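Asks:
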Amino acid sequence: MMGASSTAGTLFYRWGTVEPLRLTGAPAGFNNNGDAVFQFHDSGGQYQSYLRTRFGKITQVPLTAQGDRMSSPWGINDAREIIGSGYRDGVLQALLYSNGVTTNLGTLGGNQATALGLNNAGAVVGWSETVAGDYQRSPFLYENGSMRLLTVPGPGSEAEGINDLGQVIINQRFRHAWIWQDDQLTTVQMPGSEVTQAREINNLGQVVGSSLSMQGIHPWIYEDGEIAYLRERIDGSGYSVDLVYDLNDNGQILAQARRDNGTFTTVLLTPAIPEPGTWAMLAAGLGLLALRCRAQAGRRPAQR
1 MMGASSTAGT
11 LFYRWGTVEP
21 LRLTGAPAGF
31 NNNGDAVFQF
41 HDSGGQYQSY
51 LRTRFGKITQ
61 VPLTAQGDRM
71 SSPWGINDAR
81 EIIGSGYRDG
91 VLQALLYSNG
101 VTTNLGTLGG
111 NQATALGLNN
121 AGAVVGWSET
131 VAGDYQRSPF
141 LYENGSMRLL
151 TVPGPGSEAE
161 GINDLGQVII
171 NQRFRHAWIW
181 QDDQLTTVQM
191 PGSEVTQARE
201 INNLGQVVGS
211 SLSMQGIHPW
221 IYEDGEIAYL
231 RERIDGSGYS
241 VDLVYDLNDN
251 GQILAQARRD
261 NGTFTTVLLT
271 PAIPEPGTWA
281 MLAAGLGLLA
291 LRCRAQAGRR
301 PAQR
């Protein structure tokens, strides 16, 4: 997921090389199959959301039945379902595109909401007001046609991403980041950072995000309680990674990078060699997910 950025040239960092992705607009997210969503403004200056398939076909995300337009896409799953937000009379709406139809997901009781992440089961997370006009963000989980509040300590939180195991990334006013699962919270701690924002979690439990300290912005990847800073893992590419936006199950990271000449672009970081055990862990995780699904067959899952 990402917002607008410089689009002088979108580049993919793949297998140790950098090659251009001739895509006009600001990339917002990508899935495990190579499909992507991006934002671009039309001739009238209005921002629109678009799907670009791995085969290069580009289509615009349609309006809702009420005429809501997804102006900011935030993510896409492997079924090419897309989430994002748009304005109706100046008020943010949480939107989901699925099976050719764009739907307004509603709110937790307030006026505004935004959808920020989704998984391959179609579960959506984001933030919503709970009282009209209070402008206070609260994290939500939307599944099976219903939106529920995720309880976290203190006010002002938003859910950013969700994986197929039901683990949710939650940020609180850029000060705290958590992994939420079944009402239990695990803190994602960045030592020495004044501002922290986690962006996405994949099915391996890896989390990507960015932190700010007195020394600047630090993009990172988190796994099993340990932090690795991405700048320390990229050498000789001619780019310095500044922000991270998305992560898939192949370990690929969508990020903003600064060239040696000081200009910014978007890059895709792809591990040249999978880390030991990565594919085994993914297979085991998906196997557990399949067992869990079979165990729940015949009954509707409870709302989390």
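Residue numbers for the sequence shown follow the UniProt record's numbering, so the first one is 1 and each next one is one higher. We treat Cβ as the ideally placed atom computed from N, Cα and C, and that holds for glycine. Just so you know, these numbers come straight off a predicted model, no measurement behind them.
(1) Just curious, the beta strand (DSSP E) that Met147 is in, first and last residue?
(2) Could you name the residues that DSSP lists as bridge partners for Pro139?
(3) When the Cα atoms are used, what is the spatial distance from Glu194 to Thr270?
(4) What do you reckon, are the CB atoms on Ala159 and Leu185 nearer than 8 angstroms?
(5) For Ser98, which residues of its own chain have a beta-carbon under 6 angstroms away from its beta-carbon, when the five flanking residues on both sides are left out?
(6) Measure the alpha-carbon distance for Gly166 versus Leu118 and round it to whole angstroms.
(7) Please list the terminal residues of the continuous beta strand (DSSP E) segment that includes Thr107.
(8) What is the rounded straight-line gap between the Cα of Leu95 and the Cα of Phe40?
(9) Going by DSSP, which residues form a beta bridge with Tyr245?
(10) Report the rounded CA-to-CA distance for Arg148 versus Arg173, giving the unit in angstroms.
(11) For the pair the stretch 58-73 and the stretch 105-113, tell me if three or more CB-CB distances fall below 8 angstroms.
(12) Sort Ser72, Gln46, Tyr47 by Cα distance to residue 351 and report the nearest one.
(13) First and last residue of the beta strand (DSSP E) that includes Thr53?
(14) In angstroms with no decimal places, state the Cα-to-Cα distance between Ser49 and Ser85.
Replies: Reading it off the structure:
(1) 146-149
(2) Trp127
(3) 29 angstroms
(4) no
(5) Glu81
(6) 10 angstroms
(7) Counting along the chain, Thr107 falls outside any beta strand (DSSP E), and DSSP gives it neither H nor E.
(8) 17 angstroms
(9) Bridge partners of Tyr245: none, in fact.
(10) 20 angstroms
(11) no
(12) Not covered by the structure: residue 351. The range shown for the chain is 1 to 304.
(13) Note, Thr53: premise wrong, no beta strand (DSSP E); not H, not E.
(14) 10 angstroms
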